[in-house]
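Engineer: Numbering (the working numbering), first residue to last: 57 to 226.
Provided herewith is a single structure, encoded as structure tokens, for subsequent inquiry.
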Amino acid sequence: MRKALIVAMARNRVIGRNNALPWYLPGDLRYFKQATMGKPILMGRKTFESIGKPLPGRLNVVITRDESWQAPAGVAVEHSLEAAYRRAGAQAELDGSEEVMIIGGGQIYADALADVDRMYVTLVHDDVEGDAWFPEVNWGQWQEIGREDFSASDNNPYDYSFVVYQRRGG
Numbered sequence: 057m058r059k060a061l062i063v064a065m066a067r068n069r070v071i072g073r074n075n076a077l078p079w080y081l082p083g084d085l086r087y088f089k090q091a092t093m094g095k096p097i098l099m100g101r102k103t104f105e106s107i108g109k110p111l112p113g114r115l116n117v118v119i120t121r122d123e124s125w126q127a128p129a130g131v132a133v134e135h136s137l138e139a140a141y142r143r144a145g146a147q148a149e150l151d152g153s154e155e156v157m158i159i160g161g162g163q164i165y166a167d168a169l170a171d172v173d174r175m176y177v178t179l180v181h182d183d184v185e186g187d188a189w190f191p192e193v194n195w196g197q198w199q200e201i202g203r204e205d206f207s208a209s210d211n212n213p214y215d216y217s218f219v220v221y222q223r224r225g226g
């Protein structure tokens, strides 16, 4: 079972501002849906609350240390990353999926980075103001295996790229 993460981040590693994405990139939202559909997704409670509802077509696993947090219907709750991996991995096997996808936020990415074999990164080619960051990455451990570049447009205010990285030796 491959563990992967998907993130949209600015050049300065910003991923969020005020518990929301700091940009509106319709192309990235389509990419996110396509890359995660049919795969279990793992996220922190704040990320879930920023989305506001379970994402359809995927098992939504919310990781929270708050034992009293009540998940809405259609959401699984786990209290550790390891338990979330077990739950998501079992669902992925049932669904015939080869990946579980970690979708944020910053603390979950930091905790999961050492575990993942693949990263799906939307790189926004600008420095953006924010209050949540993707963790520092040792890029020497990663090999770029795919890239698509896009120019800013009426719908997408930033130049951006979809980049897929595979852990070297993984």
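Idealized CB from N, CA, C, for every residue including glycine.
(1) S217 and L179: beta carbons closer than 9 angstroms?
(2) Leaving out five residues on either side along the sequence, give the residues of the same chain with a beta carbon under 7 angstroms from the beta carbon of E123.
(3) Verify whether the separation of the beta carbon atoms of G161 and I97 is less than 9 angstroms.
(4) Measuring only the C-alpha atoms, how far is R73 from S153?
(5) How many angstroms separate the CA atom of A146 from the CA atom of A64?
(6) Use the C-beta contact count for K95: other C-beta atoms within 10 angstroms, 16 or more gives buried, fewer gives exposed.
(7) I need the straight-line Cα distance from D106 to M99, nearest angstrom please.
(8) Strictly by DSSP, which residues pair up with S217?
(9) Is L98 helix, strand or coil when you go by DSSP?
(10) Please give me, in chain order, every unbroken run of the alpha helix (DSSP H) with length at least 4 that falls completely inside the segment 104 to 153.
(11) Straight-line CA distance for Y214 to V220?
(12) Tell me the residue span of the beta strand (DSSP E) that contains L81.
(13) How would you label L81, buried or exposed, when you count the other beta carbons within 10 angstroms and need 16 or more for buried?
(14) Between the C-alpha atoms of E192 and L150, what's the straight-line distance to the nearest angstrom?
(15) So, for M157: in the same chain, excluding its five sequence neighbours on each side, which residues have a beta-carbon less than 6 angstroms away from its beta-carbon?
(16) Just reading off the alpha helix (DSSP H) that A168 is part of, what are its end residues?
(17) Does DSSP classify G244 as helix, strand or coil?
Structural biologist: This is what the structure gives:
(1) yes
(2) H135
(3) no
(4) 32 angstroms
(5) 27 angstroms
(6) buried
(7) The residue you asked about is not Asp; residue 106 is Ser in the sequence shown. Between S106 and M99, the C-alpha separation is close to 11 angstroms.
(8) L179 and D205
(9) strand
(10) 137 to 151
(11) 19 angstroms
(12) No beta strand (DSSP E) holds L81; DSSP gives it neither H nor E.
(13) buried
(14) 34 angstroms
(15) A60, I62, T92, K95 and I97
(16) G162 to A168
(17) This structure leaves residue 244 out entirely; the chain is present only between 57 and 226.
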